[in-house]
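Each remark here refers to the structure printed beneath this line.
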Amino acid sequence: MKKTAADLEQIRKETLKNVELRTGKDGYKIIVGMATCGIAAGARDVFKEAIEKVIEKDLDSVTVGQMGCIGLCSMEPIVEVISPSGEKTRYIKVNKEKIDNIITSHIIDGNVVSEYTSES
Amino acid sequence: MAYYRSQVLICAGTGCHSNKSNEIIERFNEELKKHGLEDEVQIVTTGCFGLCAAGPIVVIYPEDTFYSKVKADDVPELVEEHLLKGREVERLIFTTEDDSGDEPKTLKFVDTDFHKKQRRVALQNCGRINPEDIDEYIAFDGYKALEKVLTSMTPEDVINVMKESGLRGRGGAGFPTGVKWSFAQAAKGDKKYVACNADEGDPGAFMDRSILEGDPHSVIEAMAIAAYAIGADEGFIYVRAEYPIAVRRFQIAIDQAREYGLLGENIFDTGFNFNLNIRLGAGAFVCGEETALMNSIEGKRGEPRPRPPFPANKGIFDKPTVLNNVETYANVPKIILNGAEWFNSVGTEKSKGTKVFALGGKINNVGLVEVPMGTTLREVIYDIGGGIPDDKKFKAAQTGGPSGGCIPTEHLDLPMDYESLMSIGSMMGSGGLIVMDETDCMVDVARFFMDFIVDESCGKCPTCRIGTKRMLEILERICEGKGEDGDIEKLEELAKTLKSSALCGLGQTAPNPVLSTLQYFRDEYEAHIYEKRCPAGACKKLLSYEIVADKCMGCSACAKQCPVSAIEGEIRSPFTIDKEKCIKCGACMDTCRFNAIIKA
Ligand SMILES: Cc1cc2nc3c(=O)[nH]c(=O)nc-3n(C[C@H](O)[C@H](O)[C@H](O)COP(=O)(O)O)c2cc1C
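Going down the list, the protein sequences come from chains L and B. So in the numbering used here, spot 117 of the first sequence is number 117, and the numbers just go up one at a time. In the numbering used here, each number is its position in the second sequence, counted from 1, plus 120.
Rendered as C-alpha cells:
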C-alpha cells in the first residue's frame, strides 16, 4: 500500500523499537541470572515473565538480558536491574510474582523493591 | 509489533555466504525452536560487516558480541550458552592482539583499530540492517532525504547542496557529482534518464556489490533524488549477472519501494514520478565504461562510443543521462539529510568525505574498510588492515586495478586522495587495494593486469586491440627470461601511443600498471632482461630449486612430496633435483625441515 510521509514516520518509530537493540537502548536493563543454577531454580520462567510484562506494558526502551553465575547459587534466581544512569540493584530468589512487582514499581515507578534485595 | 530481547545478526554477504553462512542461519532457526526461544530471539540476515577475513560473522545484541569464523556446528553452543544462559562463548569471540604496550592485550572488535579508525558513511547500514526489510532502512532515516527533497527543495537547491558538498564520483574518474547533475539538468530533452553503474569489473573491488547487498535502498533513494534534480522519470541500474545476491536483494528492494509508493507515480503526492529497472551485464570489464554501459543497456553490443557528446547531453537512447557509481549514490541521502558542510568537513582540500577500499592480497584483514579521504596507506594497511601475513615485508599496493598503478614503500605515508594518488602515477579508481609483499614480482603484476586487459579489450579500436596484445607479449617474454635489450623502451613507446589514441578509458589507462611499475621497480625489469633473474623469486621460468648437499639429511621427505618424482637419492645421503622434470611447485621446499632446499 502506498505510504505517506506520516506513515513512514510511524513505521520509523515502530521499527526503531526493534532495531534500537543494535544501537543500544537508553532505558532500564533487566538482567536475569541464567546459569545452570539459575535455570534449575526457575530463572527461565522469571525471564519469560519479564519479557511478557515488558511487552504488555509497552516498555520499549527496556532491555531484557541474561548473565551467567555470580557465585550466589543459593540465592537464585537472581535479577539485576540497571537504571538508565547505571545504578545497579540486585534482587534475589525472584519468582514470577516478584518480577511482576519489580517491573511495576521499580521500572515503571522508579521505586526499588527493597524487600526483595536481601533475605529477611 | 513483536518484542525481541535478543537479535542475532548474521552476515549474508557474498563472502560469508560462500563460507556457508546460510547453513548457520538454518541451524540457528532449528536450535532456537528446540529451546523455545524463537519468539524471544530474532535472526536478522545482513550485508557485509567488512571483516571478510574473519567470516562468517555473527553479532549478538544487546551485548554486541562479535563472533568470527562461526561454523554451523558452533550454533548449538551459541544458542545454549549465549542466548539461553547468557554466557558469551569466549572461544568464538573475535579478538586481536595489541602488542604496542608493555603487556600484550586482547582487544574486542569495537576496540580494534579496524573498527575505530573507520568512518562509515556509504557503508553505514551494511551489517546493521536487514537489507530485505524496507522498514529497517526506514527506521534509520531511510527515504527521509527523498521526502525532504520532494517537499521542500527545488532541483536547483539539490544540485547546489551536491556541489557544495564536494562529492566526487567514486567510480574512478572523480568527477564532481553536483556539476555532472547540473549539466544533465541544463540539457534540453523531453525525456531524461538516471543510471547507476554497478558493473564493478575491477579485479579486487567489491564495495559496490556489498552496498547493493547490504543497503540497496540507499541507492534507490539516491537515484530518485538525482532524477528529481535533473528532471528524469526513469532509471536503470546496470549490475553484472555474476552478482546474484546483489541482484536479488536489489530487486526485492525495488519491489518493496514500489509497494510503499516510493517508486512509481506521484511519489509523496508531489507529482514526481520515477521508475527503476535492473539491467544485467554479462561481465565484460569494458561495460563499466560509461558509453559502453549505455550501449549495453540499449541492447547493443557493449562497445564504447566516442565522447563528446557526453552522456549528460546524449546518453541512454541519446537522451540526457546522469550515470553515477553505486558508492557515489550511497553518499547522497546522507548529504541531503546532514548538509553539505557535514560531508565536506571530512577529507582533504579537494577530496571530500570518505572512501571505501576493498583490501585484498597480502594483508591480514581482507575485507572492506571505509576511511576519511586523506588517510595514509600506512594506516590502512597496518592499523586497519592488520599488516602483512607471516611478517613479510611490504613491497607495494596496487590501487585502481588494471587502470591504476602501484604505490611503493616510499609513499606509505601519502595521504590518499584523488590528486595525491595521481601525482605518484597511481589512481583512486574504484578503491580496490591489492597489497603485495616481497615475494611478489612487479613485472609479473604488470603482466597479470595486461593479460586481463587483452581479454577484456572489446576490439573496436585497433590501438587497444593490437597495442595491448603487443605489450603483453613483451611482458610475457620478460617474465620467461627471454627479454631483450630495448624491450623497456618498446613498452614505453606502446604505452604512449595507447594513452593518446585509444578510443576509451580502458585502452587509455591500460598502460598504467606497466608505467608505474617501471617508474618504481625498473631494476626488477632490468634484472629479468639482462641477468635472467627474478629478484622476488616469483617468475617460475627464471628460478630453479636446489638441494644444499651440506644441509640435506637424506630423509626423503621432499622426494615423497614431489608430484612429478623429480627428486632422487639414497636415504641418509644428499638428494638431488632433476631440473628437467621439476615443475617448480615448491612443495619440496615447504616440506624440508632442515632448510636444505633453496630457490636459486
Ligand atoms: C574500462 C573502464 C571500466 C570502468 N568500470 C567502472 C565500474 O565498474 N564501475 C563504475 O562505477 N565506474 C566504472 N568506470 C568509470 C565510468 O566510466 C564512469 O566514470 C563512472 O561510472 C561515473 O560515475 P561516478 O562519477 O559516480 O564515478 C569505468 C571506466 C572505464 C574506462
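Using N, Cα and C, we set each Cβ at its ideal position, and we do this for glycine too.
Considering just the uninterrupted stretch of the alpha helix (DSSP H) at residue i, what are its terminal residues?
i	result
V178 (chain B)	Unbroken run through V178 (chain B) is the beta strand (DSSP E), V178 to Y181; no alpha helix (DSSP H).
G247 (chain B)	Note, G247 (chain B): premise wrong, no alpha helix (DSSP H); not H, not E.
K88 (chain L)	No alpha helix (DSSP H) contains K88 (chain L), which is instead part of the beta strand (DSSP E) from K88 to Y91.
G733 (chain B)	Since the displayed chain B opens at 121 and closes at 720, residue 733 (chain B) lies outside it and no answer follows.
K619 (chain B)	D607 to S621
K704 (chain B)	Looking at the DSSP string, K704 (chain B) is not in any alpha helix (DSSP H), and its letter there is neither H nor E.
T411 (chain B)	E410 to I417
V269 (chain B)	K264 to S272
V199 (chain B)	Where V199 (chain B) is concerned, there is no enclosing alpha helix (DSSP H), given that its DSSP letter is neither H nor E.
I254 (chain B)	I254 to A259
Assuming residue i and residue j are in contact, meaning their beta carbons sit under 8 Å apart, how far apart are those beta carbons, in whole angstroms?
i	j	result
R90 (chain L)	E80 (chain L)	5 Å
N111 (chain L)	S105 (chain L)	5 Å
I436 (chain B)	E418 (chain B)	6 Å
G27 (chain L)	V62 (chain L)	5 Å
K557 (chain B)	K482 (chain B)	This sequence places Asp at residue 557 (chain B); Lys is not what is there. With 8 Å as the limit, D557 (chain B) and K482 (chain B) qualify as a contact, their Cβ atoms being about 4 Å apart.
Q66 (chain L)	V32 (chain L)	5 Å
P440 (chain B)	G309 (chain B)	5 Å
E649 (chain B)	D605 (chain B)	Note on identity: in this sequence residue 649 (chain B) is Ile, with Glu being the wrong assignment. That pair is a contact at about 7 Å.
L505 (chain B)	L479 (chain B)	For the sequence presented, residue 505 (chain B) should be read as Gly rather than Leu. Yes, G505 (chain B) and L479 (chain B) are in contact; Cβ-Cβ is about 5 Å, under 8 Å.
Cα-Cα, which of the options is closest to residue i?
i	options	result
V209 (chain B)	B:T215, B:E197 and B:V179	B:E197
R125 (chain B)	B:I163, B:T495 and B:G294	B:I163
G689 (chain B)	B:P683, B:C675 and B:M591	B:C675
T134 (chain B)	B:S523, B:R585, B:S540 and B:R329	B:R329
C584 (chain B)	B:K602, B:A615 and B:G309	B:A615
C708 (chain B)	B:A630, B:E320, B:P683 and B:R692	B:P683
A242 (chain B)	B:A450, B:G545, B:K660 and B:T629	B:A450
P336 (chain B)	B:S620, B:E609 and B:V446	B:V446
D184 (chain B)	B:I144, B:C172 and B:H202	B:H202
L81 (chain B)	B:D389, B:R147, B:E385 and B:F569	The question about residue 81 (chain B) has no answer, for chain B in this structure spans 121 to 720.
E596 (chain B)	B:E700, B:S138 and B:V574	B:V574
P176 (chain B)	B:E158, B:L157, B:D194 and B:C136	B:C136
K25 (chain L)	L:G42, L:I82, L:M67 and L:A40	L:I82
N245 (chain B)	B:Y263, B:T166, B:V199 and B:P323	B:T166
Q681 (chain B)	B:T617, B:R713 and B:A478	B:R713
C581 (chain B)	B:F572, B:R425, B:L266 and B:R239	B:R425
L611 (chain B)	B:S621, B:L623 and B:I598	B:I598
T390 (chain B)	B:A720, B:D510 and B:S272	B:S272
G38 (chain L)	L:K29, L:C69 and L:E14	L:C69
H531 (chain B)	B:P522, B:D560, B:S550 and B:E499	B:E499
G657 (chain B)	B:E600, B:V281 and B:F229	B:E600
D630 (chain B)	B:G525, B:L663, B:C678 and B:R642	In the sequence under discussion, the amino acid at residue 630 (chain B) is Ala, which differs from the Asp named in the question. Cα-wise, what sits closest to A630 (chain B) is B:G525.
K434 (chain B)	B:I456, B:T448, B:T411 and B:G351	B:T411
L443 (chain B)	B:K312, B:C561, B:R368 and B:T496	B:K312
C172 (chain B)	B:R642, B:S141 and B:E146	B:S141
I'd like the span of the beta strand (DSSP E) that includes residue i, first residue to last.
i	result
M556 (chain B)	G552 to D557
K515 (chain B)	F514 to T519
R642 (chain B)	Premise fails: R642 (chain B) lies in the alpha helix (DSSP H), N632 to Y650, not in any beta strand (DSSP E).
L488 (chain B)	G487 to P492
N445 (chain B)	T441 to N445
E80 (chain L)	V79 to I82
L21 (chain L)	Careful: L21 (chain L) lies outside any beta strand (DSSP E), inside the alpha helix (DSSP H) at A5 to T23.
Y187 (chain B)	T185 to Y187
F392 (chain B)	F392 to G401
N386 (chain B)	G384 to I387
L227 (chain B)	K225 to K228
Q238 (chain B)	Counting along the chain, Q238 (chain B) falls outside any beta strand (DSSP E), and DSSP gives it neither H nor E.
I718 (chain B)	I717 to K719
V164 (chain B)	V161 to T166
Those runs of the beta strand (DSSP E) which lie wholly inside the segment 122 to 158 of chain B and span at least 3 residues:
At a cut-off of 3 residues, the continuous stretches assigned as beta strand (DSSP E) that sit fully inside the segment 122 to 158 of chain B are 126 to 131.
Starting from the N-terminal side, write out each stretch of the beta strand (DSSP E) that is 3 residues or longer and does not extend beyond the segment 29 to 75 of chain L.
Taking only runs of at least 3 residues, the beta strand (DSSP E) segments lying wholly in the segment 29 to 75 of chain L are 29 to 33 and 63 to 67.
Please list the segments of the alpha helix (DSSP H) lying wholly inside the segment 549 to 603 of chain B, counting only runs of 4 or more residues, in order along the chain.
Segments of the alpha helix (DSSP H) lying fully in the segment 549 to 603 of chain B: 562 to 576 and 582 to 599.
Report the start-end ranges of each alpha helix (DSSP H) in the segment 283 to 358 of chain B that is 4 residues or longer and not cut off at the edges.
Here the runs fully enclosed are 297 to 306, 327 to 334 and 336 to 350.
Which ranges does the alpha helix (DSSP H) cover as unbroken runs of at least 4 residues, wholly within the segment 422 to 476 of chain B, from first to last along the chain?
Counting only runs of 4 or more, we get 446 to 458 and 460 to 464.
So within the segment 651 to 693 of chain B, which uninterrupted alpha helix (DSSP H) runs reach at least 4 residues, ignoring any that extend past its ends?
677 to 681, all fully within the segment 651 to 693 of chain B.
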